[in-house]
Amino acid sequence: MLAILTITAPIFLLIALGYLLVRVKLVPQAAIGGMGTFVVYLALPALLFKALSSRPVSDVYNSQYLQVFVLGSVLSLLVSVWWAKKVRGVRLERAAFLGLGSALSNNGFIGYALVTQLFGSVAVAAAALSMLVDLIVLIPLTIVLAEWAGNGSGHVRHAIQTAFLKTLCNPLVIAIALGFLASAAQWQPVAPVMQAIDMLASSAAPLSLFVIGGMLVGISISGQRMDLCQMTVFKLVLHPCLVALCVWLLPAFDPVLQLCAVLLAAVPMAGVFPLIAQAYGQQQVCAAALVTATIMSFFTLNLVLWLTDQFGDLSSVLV
6 MLAILTITAP IFLLIALGYL LVRVKLVPQA AIGGMGTFVV YLALPALLFK ALSSRPVSDV
66 YNSQYLQVFV LGSVLSLLVS VWWAKKVRGV RLERAAFLGL GSALSNNGFI GYALVTQLFG
126 SVAVAAAALS MLVDLIVLIP LTIVLAEWAG NGSGHVRHAI QTAFLKTLCN PLVIAIALGF
186 LASAAQWQPV APVMQAIDML ASSAAPLSLF VIGGMLVGIS ISGQRMDLCQ MTVFKLVLHP
246 CLVALCVWLL PAFDPVLQLC AVLLAAVPMA GVFPLIAQAY GQQQVCAAAL VTATIMSFFT
306 LNLVLWLTDQ FGDLSSVLV
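Shown next, in the form of structure tokens:
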């Protein structure tokens with residue numbers, strides 16, 4: 006267990022450092038937004054492009070991994086929506102975002118840092134594919150459900166078009182697509198450009214974790230306890246369990262990618278989660294759930310790693 010803590014502790018220490026420095030006002034809260042923009046638009050895209058373009062296509066694209074992560078994530082979202090609406094009586098628009106909070110992993114910040122620290126550069130492909138699932142499947146599905154609930158079927162087509170256009174313009178999607186194309190063409194940028202990409206990429210992991218910590222300052226978790234409990238438990242427990250079930254039931258593939266799928270499902274929800282919900286008036290409960298799940302994930306992620314080590318010999322695939 007101590008060996009596992011040495012892996013996860015640096016991740017949560019950087020998150021705690023971000024929270025502390027913003028809390029004591031050594032770093033202004035307003036600066037966190039700029040740092041987050043830098044990570045999303047420059048550092049993380051550079052990292053994804055570098056990792057994907059430098060490996061053969063056969064190493065960065067795995068259809069079985071996509072099947073597992075899509076199926077497990079969509080199941081988690083739909084089960085959460087059903088539970089909120091049918092069991093708890095929550096209206097569909099709110100239930101849609103409770104569902105998204107149960108399936109939208111923080112693959113870009115926490116997830117990437119975790120799996121690459123465990124498995125090295127081979128895990129970047131898993132993080133990239135999981136981000137595609139979030140951006141192309143989960144977020145558009147949630148927007149369609151919310152539009153259906155709020156405005157009826159007439160607005161669903163417009164919602165799908167809007168979500169599709171936003172996805173195409175997302176810098177992470179663009180970086181992943183360019184990385185795949187460069188890999189297929191066996192092309193690399195000229196040395197000065199590649200060196201600049203390397204410099205940007207090296208800042209992605211630590212700065213992204215610092216930003217997550219800073220984002221948590223000032224978010225209240227009071228009230229709406231049932232919603233918070235549902236999203237936290239479903240995201241940190243149900244989601245990885247469903248992905249693990251899909252890994253077990255579907256045809257076998259690379260054991261490292263199997264572990265990555267379960268671990269990426271076990272991380273808390275993405276930092277953009279409250280921003281997506283803001284357009285539908287659901288940002289407060291989503292922000293509160295983000296805080297709760299991020300704190301609790303310190304315990305649940307270590308538990309998942311410990312269970313993996315007990316039953317799957319985690320040490321045999323660590324870098």
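When you read off a place in the sequence shown, starting at 1, and then add 5, the result is the number in the working numbering.
Think of the CB as a built atom: it goes at the ideal place given N, C-alpha and C, for glycine as much as any other residue.
None of these values were measured; they are calculated from a predicted model.
By the neighbour-count criterion, in which 16 or more other beta carbons inside 10 Å mark a residue as buried, P197 falls on the exposed side. Distance from A270 to G77 at the Cβ level is roughly 6 Å; contact confirmed, criterion being Cβ atoms closer than 8 Å. C265 sits close to A131, with the two beta carbons spaced by under 8 Å. Exclusion of the five residues before and after A292 leaves I224 and P279 as the residues of its chain whose Cβ lies within less than 7 Å of its Cβ. Annotation for F43: the continuous alpha helix (DSSP H) segment containing it runs Q34 to F43. Across the structure, M40 and V216 are spaced so that their CA atoms are roughly 7 Å apart. Here R162 is exposed, its C-beta having fewer than 16 other C-beta atoms within 10 Å.
The beta carbon of G23 lies closer than 6 Å to those of F215, G218 and G219 in the same chain, with the five residues before and after it left out.
A Cβ-Cβ distance of about 13 Å is found for the pair G116 and L177, leaving them out of contact under the 8 Å criterion. Selection L137, S63 and P211 evaluated against A187 yields S63 as nearest (Cα-Cα). Between the stretch 228 to 236 and the stretch 28 to 45, the count of C-beta pairs closer than 8 Å stays below three; the two stretches do not touch.
Distance from the Cα of R96 is smallest, within the candidate group E152, L262, V27 and A118, for E152. A straight-line Cα-Cα distance of about 10 Å links L221 and T297. With contacts defined as CB atoms closer than 8 Å, L205 and A51 qualify as a contacting pair. Burial check for A56: the Cβ neighbour count within 10 Å reaches 16 or more, so the residue is buried. Ranked by Cα distance from L123, the first of T13, G104 and P245 is T13.
Taking a cut-off of 8 Å for Cβ pairs, the stretch 78 to 94 and the stretch 242 to 260 touch, as three or more such pairs fall below it. Minimum Cα-Cα distance from A249 among the listed residues Q288, M301, A294 and V309 corresponds to V309. G184 sits buried, since 16 or more C-beta atoms from the chains shown fall within 10 Å of its C-beta. Scanning its chain for C-beta atoms nearer than 8 Å, with the 5 sequence neighbours on each side dropped, one finds around V138 the residues L71, F74, V75 and S78, in chain order. In the three-state DSSP reduction, S126 falls in the coil class, being neither helix nor strand. L103 sits away from I181, with the two beta carbons spaced by 8 Å or more.
With a threshold of 16 other beta carbon atoms within 10 Å, F239 meets it and is buried. Looking from the CA of A133, the closest CA among I179, A164, L31 and I144 belongs to I179. Relative to Q287, the option among G94, V45, D203 and T147 whose CA is nearest is T147. Note on geometry: alpha-carbon atoms of Q166 and N111 lie some 25 Å from one another.
Taking all protein chains in view, the Cβ of G125 is surrounded by fewer than 16 other Cβ atoms within 10 Å, so the residue is classified as exposed. Per DSSP, K30 lies in no alpha helix (DSSP H) segment and is marked neither H nor E. Secondary structure at S78: helix, using DSSP grouped into helix, strand and coil.
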